[in-house]
Structures are given as C-alpha cells and as structure tokens.
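Take a look at the structure set out below.
In the working numbering, the protein residues as written are 21 to 433.
Structure (structure tokens):
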C-alpha cells in the first residue's frame, strides 16, 4: 500500500509538529514594479488558514525577486521603506488588529538593515479564528522618492473583495479606511506564521509553479498554480518562493540570498520543486547529465537551510506549438529543445525523477493529467481551442486544477 506522504510526515517529524509555519493562502514573493509615479500604498488581501489560530506573526519582504536578463536575483528594495500591516477579521468587516514590529506599528527600515525582511511581533488576538475561515490583511508600504515600490502579481479580485490603493502620496489604510475592490499590483505578507500540526509545503519553481496561465487572483481561497492547489487539496499549508522565468541553474546563495533565510524561517515539512522547463528552453542545460547536476545543486540548498524538509520533484509538462490552438494532438509539435516527442531530454529527466533519486522523497507526476500519455510530450485535448494551454507552455486555470486533482493525495509516486 502506498504511504500517505504528507500525513506520515507528522509521525516522522513529530518533534517539529508545532513550529511556527505558514498555513495561510495568498502569500507571495514581490516580483513586479509598481509604476505610474506611485511611491506606495495599501493592499487588501483575502487569506484562508489551514489551522485554527489565536495568534500569528507576519513576514513583510523588503526585497523583490525579478528576472534581470540573466537570472532571477533577490534584490533589496532601494532606500528607506516604511511598512505597516494589520489582520482583518471577519474578512471584509473593517475590524483590524495591528501588527507591531519590535513594538512599533509602522517602522521604517532599509532592506540591508533588516536582512531583507521585517518579522512582526506575535499578535495575540484573544480569540480563535477557525481553520479554513477567510480573514484579511491590510499591508502598507511607502518608498523614498526615486525608488519603485514592488508588489506581487495580483489582478482582478472583484469576486473576493481584494484591492490596492497605490499613489504618489501613499496612504496608510491598515488601521481604517477603504481600499477599492479592484485589485492591482500590491505588496502582501510573504509569510503568515501560525502554529499547528499539519504539514506545510515550500513551493519553488518557475512561472508554472507561480500560477501563470491560471486566474491571476487564484481561486476563492487565493490558491494559484497547480502546486498550491495540490497542497491545499492535500490539507497542507504552503508558502511560495516561485518566480516567473526562473531556472534551477539560477539556484545559489547569491541569487537566493533573501529567499533562503525566509525559507528557513517558514519551517516547511516539505518542498515541491518544479524547475527545469526554462533550463531546457534556453538550451544551456540540454543534456540529462547537465539537468541532473543543476538539480543536485538546487537540492543542496534546501538541505543546507531546512535539512529535515522532504523534497518532492515534479515532472516537467509538455512544451508544444499548435496550428489549431491546441484543439487536436495531430497539430501539436514540440518546441525547440523539447523534441523528439517521447525521447527528448525532458522525457529522460522525467524518467530519472520517477526513480526517486537520492535527495528526493517522492515524485509528483504531472503527466497523469498534463499529457496524453506519460512521455508523449503532447497536451491532452477535448476539441476546444486553448483547453489545456493558450501558449503551449503554461496550463490554463482548468489544467492547473486538473493536474492538482490528478495527483494522489499524499502518496509517494
């Protein structure tokens, strides 16, 4: 009988069962510059926590992770940054509880002085927010003139009452005031740490792990990307360190200088790693041995910062072109470096991951839903245009859901 991996972690790691971990949805890495002359503002986000909690603390990033043309690099926010954050409960009620940072509600700091992030004091609510109940956060940031505030890629939001109010004269609305329900780019917590006994997953990867191709605001609980959807379905918490355009060959302590300490702070029981598509696309790691080498370097970083975390590798999805918008398989062709179909380096790499090589606790088989058959290299179709993908690389929202739903709950594959 297959072992329930995520749940069995509770037994294997019982000594860590109640470490502060991120169990909340809708947490993310800043990776987009907020333009138009804005120097900051307030973002209102909707979260769901997988465990009930009466106290928590937040991690607010003072850095961003962005592809600079050669790699994705953790970059400190320029100048002095002012931050404030509050928790709202019930969600959309306007009732807010302010976080303090070393006793201050709205501290100012530089990224270098704060090692890249601000960790709040514990906020004791005096009551318990039940598990799987929506709550909100209001997060304010203001930057010095000449600098650009950074946020996360959150758009839309009218269905879940999220919003952002950024301007050249930033307003701190974390205590009172309204944010228009039409979410733009905005900063939110990187982690919302609470205590509980469920597993929590750190998601590392590229745009597919981030959720590109799906609904930018995520589902009603703020989950975007198949790894987050899968973790949520498996009743686990998760935090995201994934950034669009990233490759596993970018993984080192310089490029990840801010994310790695935050990864350690999150105390995850598991890691889901989806890197590899971009490595193959650019052709710099176009052999199986090269892919294996950079993957082992990536794994070494996880072991260095969270040696007890169980690492799950994810097989790589197809990458094809289509002459009929992916309505049929006959009109799909493998993109550069992803051919020949059924025998490319992608398939060799996926076969290697399926053997659960040293350093991996398991393999998440995206091909269960993401291919017509394992190693076919073709997106499944149903006759409708753009059903599985609209660009040949990123799953649609329907397919992010399909991949997450096809993975056996908590099973080693």
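Glycine included, C-beta positions come from ideal geometry on N, C-alpha and C. Everything numeric in this text was worked out from a predicted model, so none of it was measured.
Within the model, the alpha-carbon separation for residue 168 versus residue 76 is close to 29 Å. At a Cβ-Cβ threshold of 8 Å, residue 85 and residue 92 count as neighbours. In the structure shown, residue 64 falls within a strand segment according to DSSP collapsed to helix, strand and coil.
C-alpha of residue 387 to C-alpha of residue 423: approximately 8 Å in a straight line. For a cut-off of 8 Å, the C-beta gap from residue 260 to residue 223 is around 5 Å, short enough to register as a contact. Listed in chain order, the beta strand (DSSP E) runs fully inside the region 92-126 are 92-96, 100-108, 116-118, counting runs of at least 3 residues.
In the DSSP annotation of this structure, the continuous segment of the alpha helix (DSSP H) that includes residue 420 starts and ends at 417-426. Contact between the region 105-113 and the region 45-61 is absent, with fewer than three C-beta pairs closer than 8 Å. Between the alpha carbons of residue 401 and residue 350 lies a gap of roughly 10 Å. Beta-bridge partners assigned by DSSP to residue 367: none are found.
By the neighbour-count definition (other C-beta atoms within 10 Å, threshold 16), residue 304 is an exposed residue.
Runs of the beta strand (DSSP E) lying entirely within the region 221-299 and spanning at least 3 residues, in chain order: 257-260, 290-293. Buried is the label assigned to residue 264, since at least 16 other Cβ atoms lie within 10 Å of its Cβ. When the Cα atoms are used, residue 65 and residue 172 turn out to be separated by approximately 11 Å. DSSP places residue 186 within a strand segment (E or B) once states are collapsed to three. Cβ-Cβ distances below 7 Å link residue 218 to 43, 70, 71, 255, 256, 257 in the same chain, with the five nearest sequence neighbours on each side left out; the list follows chain order. Collapsing the DSSP output to three states places residue 215 in a strand. Remark: C-beta atoms of residue 45 and residue 233 do not approach each other more closely than 8 Å.
Boundaries of the beta strand (DSSP E) harbouring residue 42: 40-42, taken from the DSSP string.
Taking each of 326, 73, 360, 358 in turn and checking the Cα distance to residue 283, the smallest one comes out for 326.
Exclusion of the five residues before and after residue 299 leaves 267, 268, 269, 305, 311, 314 as the residues of its chain whose Cβ lies within less than 7 Å of its Cβ. For residue 389, the enclosing alpha helix (DSSP H) covers residues 387-390. If you draw a straight line from the Cα of residue 357 to the Cα of residue 246, it is about 24 Å long. About 16 Å separates the beta carbons of residue 155 and residue 62, which is beyond the 8 Å limit, so they are not a contact pair. Rounded to the nearest angstrom, the Cβ distance from residue 413 to residue 339 is 5 Å, consistent with a contact under 8 Å.
DSSP places residue 143 within a strand segment (E or B) once states are collapsed to three. Scanning its chain for C-beta atoms nearer than 6 Å, with the 5 sequence neighbours on each side dropped, one finds around residue 238 the residues 244, in chain order. Residue 201 is positioned such that its CB atom lies no closer than 8 Å to that of residue 126. Inclusion of residue 341 and residue 355 in the CB contact set at 8 Å is warranted, their separation being smaller than that value. DSSP, reduced to helix, strand and coil, places residue 398 outside both helices and strands of the structure shown, so it counts as coil.
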